[in-house]
Each structure stands twice: as structure tokens, then as C-alpha cells.
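Using this note's numbering, the final residue of the sequence shown is 111, and nothing's skipped along the way.
The next block holds one structure in the form of C-alpha cells; read it before the comments.
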Amino acid sequence: MKPVDVELHDALLESVAVNYAKKLVSLLVAYYPEPVASSKRVQATIIFSGVERMSGFTDFFELANNRFAGNISHWNPAVGVGTTYIYLTGGMFAVTAKSVKFRAEA
């Protein structure tokens, strides 16, 4: 699945893992596969490889407080090399990487 084809509005950010030695960042999210038709979120992993930079800030209270509705407002994934922006109800992430992949759980 191409990241640009995925809608993360109302998704949940579950966790973030960083491997500095391997230049990897992984985000575990729960999202609606079909934003209008889906009634249940499914888990997926967003994997950034060849990471050059990562910055961001998160307000843990706001993220927890907005879990019922979804704590991801939207995202703008890079196509190929570039910076992906993920906007949260209580913060944001910007990850500059060589690639971004979206893997939905089966």
C-alpha cells in the first residue's frame, strides 16, 4: 500500500520506536482502512528507513484525551526521499528519510 493512498485522519498513534544505529523510525498506528465505510480501526506500521532527521513534540495528556476520536489529525507523507509530516491533536512529527512504507496488519 502506498503511503499517499492512506488517510490517517482520526487514526491513533500507539507507539514510536527509534533505532539510531540503523537509521530507522517505526510508528505503530490504528487507522480506518476506508475512512467513510470502516467502523473499526486496524493496526499498521509506518516504517521510515534511511532517516536523516526526526523532530517533533507530543503532549501525552492531549494524545490520551483524544484517543476516543483519534489523536492523528492528518499526515503528509513524502513521496520517495523527503520529509513526512504527521499532525497530532497534541503535537506533530517531521521525519526526513530516504523512504517511508505503510504496512497494514493482515
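Beta carbons are placed, not taken as given, at the ideal position from N, Cα and C, and that holds for glycine.
Please read all numbers here as calculations on a predicted model, not as lab measurements.
Across which residues does DSSP place residue i in a beta bridge pair?
| i | result |
| --- | --- |
| G87 | A102 |
| S60 | A99 |
Between which two residues does the beta strand (DSSP E) containing residue i stretch?
| i | result |
| --- | --- |
| N24 | L17 to N24 |
| H14 | No beta strand (DSSP E) holds H14; DSSP gives it neither H nor E. |
Taking 6 Å as the limit between beta carbons, can you name the residues of its chain near residue i, skipping five residues before and five after?
| i | result |
| --- | --- |
| T12 | Strictly speaking, residue 12 in this sequence is Glu, with Thr absent from that position. Excluding residues within five positions, the ones whose Cβ falls inside 6 Å are P40. |
Can you list, in chain order, the residues of its chain whose CB lies under 7 Å from that of residue i, leaving out five sequence neighbours each side?
| i | result |
| --- | --- |
| A35 | A16, L17, E19, R46, V47 and Q48 |
| E110 | V47, Q48 and A49 |
| R108 | A49, T50 and I52 |
| R72 | L17 |
For residue i, which of helix, strand or coil comes out of DSSP?
| i | result |
| --- | --- |
| F53 | strand |
| A42 | coil |
| V9 | helix |
| Y37 | coil |
Can you tell me where the alpha helix (DSSP H) holding residue i begins and where it ends?
| i | result |
| --- | --- |
| F66 | F65 to N70 |
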